[in-house]
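Written below as structure tokens is the structure these notes are about.
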Amino acid sequence: MTLPEPVADGVQALYKDDDLLVLCKPSGLLCVPGRGPDKQDCLSARAQLRWPGALVVHRLDQATSGLVLMARHIDAQRRLGHAFAERLVHKRYQAVVQGLLGTVGGDWSEIDLPIAADWERRPLRVIDHAVGKPSLTRWRALAHDAAAQTARVELEPLTGRTHQLRVHLAALGHPILGDALYADAATQAQAPRLLLHASHLAFAHPGTGEPVALEWAADF
Numbered sequence: 001m002t003l004p005e006p007v008a009d010g011v012q013a014l015y016k017d018d019d020l021l022v023l024c025k026p027s028g029l030l031c032v033p034g035r036g037p038d039k040q041d042c043l044s045a046r047a048q049l050r051w052p053g054a055l056v057v058h059r060l061d062q063a064t065s066g067l068v069l070m071a072r073h074i075d076a077q078r079r080l081g082h083a084f085a086e087r088l089v090h091k092r093y094q095a096v097v098q099g100l101l102g103t104v105g106g107d108w109s110e111i112d113l114p115i116a117a118d119w120e121r122r123p124l125r126v127i128d129h130a131v132g133k134p135s136l137t138r139w140r141a142l143a144h145d146a147a148a149q150t151a152r153v154e155l156e157p158l159t160g161r162t163h164q165l166r167v168h169l170a171a172l173g174h175p176i177l178g179d180a181l182y183a184d185a186a187t188q189a190q191a192p193r194l195l196l197h198a199s200h201l202a203f204a205h206p207g208t209g210e211p212v213a214l215e216w217a218a219d220f
């Protein structure tokens, strides 16, 4: 496995070849440009400074850190996009949540709650059993901090709804520390950033079909 390589403005590449890039996105950086001149700095723009023509395949929330996959050419983008659509890309995250959720070392559990847009409070999402889209998250507890009354959990989204992990954990009563959208003020104040990190990506290489699996540990 290659070591992280510095890219423009501190973004790192964990893996690169002629077909794809796996980049390490810091918390607070957009994946793609937003609306307005103050939101043009983003992961894709920085990557394109180093690898002209690099193409977006998927995104992370601005507040989330972790691994992001980009394509080096249109055919790789098409193949990787198809793999995401068919749920053939396996993603895992780590988070620190309020409360001693689960049993450390226990089996995987599931959160099966439908998510819908909250049109009056966009971009927020809500659990809505009437109109929400099916949304499934697997989780397990990795560690408890009894003094802080928090838990470190590993998460595996089996669907890809906007804010899915944040909404699902908040719905359990265990919001992610530092979550400015779905946590109460006290939980927000427990961390300087959202403690959610995309730590694992596994997929078939778009050129060779060989399995690729990459890890980047959270720094919290």
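Its first residue numbered 1, the sequence shown is counted upward by one per residue in my numbering.
For each residue, glycine too, the CB sits at the ideal point set by N, CA and C.
Among the options, nearest to residue i - alpha-carbon criterion
i	options	result
threonine 111	Thr103, Pro123, Arg79 and Pro157	According to the sequence provided, residue 111 is isoleucine. The question's threonine does not apply to it. Ranking the options by Cα distance to isoleucine 111, first place goes to Pro157.
arginine 87	Val212, Gly209, Phe203 and Phe220	Phe203
alanine 217	Gly34, Gly66 and Leu30	Gly66
leucine 177	Val97, Thr162, Arg125 and Trp139	Val97
alanine 198	Thr150, Ala117, Ala76 and Glu215	Glu215
alanine 141	Leu55, Tyr93, Gly28 and Arg125	Tyr93
tryptophan 108	Val153, Gln40, Pro134 and Val57	Val153
glycine 99	Ala146, Ile127, Asp75 and Asp128	Ala146
valine 57	Lys133, Ile127, His168 and Ala76	Ala76
proline 134	Asp41, His168, Leu55 and Phe220	His168
alanine 148	Arg50, Gln40, Gly132 and Ala186	Ala186
Residue i versus residue j - alpha carbon distance
i	j	result
phenylalanine 84	glycine 160	9 Å
histidine 90	alanine 171	24 Å
leucine 196	threonine 64	5 Å
threonine 2	alanine 130	Note that threonine 2 has pLDDT 48, beneath the 50 cutoff, so the model's placement of it is unreliable and the number below is only indicative. Approximately 47 Å between the Cα atoms of the pair.
proline 206	alanine 13	18 Å
leucine 69	aspartate 17	12 Å
glutamine 48	proline 33	12 Å
threonine 208	proline 52	22 Å
glycine 81	aspartate 184	35 Å
tyrosine 15	threonine 103	34 Å
alanine 95	alanine 143	11 Å
aspartate 38	proline 123	19 Å
valine 212	aspartate 61	23 Å
leucine 136	alanine 117	16 Å
tryptophan 119	proline 26	29 Å
alanine 54	glycine 36	22 Å
arginine 50	glutamine 164	32 Å
aspartate 128	glycine 106	29 Å
aspartate 219	leucine 29	16 Å
isoleucine 74	aspartate 41	23 Å
isoleucine 115	glutamate 210	34 Å
7 Å Cβ cutoff met for residue i and residue j
i	j	result
arginine 193	tyrosine 182	no
arginine 78	leucine 20	no
alanine 180	glutamine 190	no
leucine 43	cysteine 31	yes
leucine 221	tryptophan 139	The structure shown does not extend to residue 221, since the chain is modelled only from 1 to 220, so the question has no answer here.
proline 101	histidine 174	The identity of residue 101 in the sequence shown is leucine, whereas the question assumes proline. Cβ distance < 7 Å, so leucine 101 and histidine 174 count as in contact.
valine 11	arginine 59	no
arginine 125	threonine 150	no
Delimiting residues of the alpha helix (DSSP H) encompassing residue i
i	result
glutamine 98	No alpha helix (DSSP H) contains glutamine 98, which is instead part of the beta strand (DSSP E) from 90–98.
alanine 45	43–50
alanine 76	74–85
Range of the contiguous beta strand (DSSP E) that encloses residue i
i	result
histidine 200	196–204
glutamine 12	12–16
glycine 66	65–71
lysine 25	20–25
leucine 116	First, the amino acid is wrong: residue 116 is alanine here, not leucine. Counting along the chain, the beta strand (DSSP E) containing alanine 116 begins and ends at 115–117.
valine 212	211–215
aspartate 61	Element bounds for aspartate 61: n/a, residue is neither H nor E.
aspartate 107	Run containing aspartate 107: none; DSSP gives neither H nor E here.
Open item on the list: Just to confirm the assignment: which complete beta strand (DSSP E) runs, minimum length 3, are found wholly within the region 119–191?
Closed with: 125–127, 136–145 and 150–157
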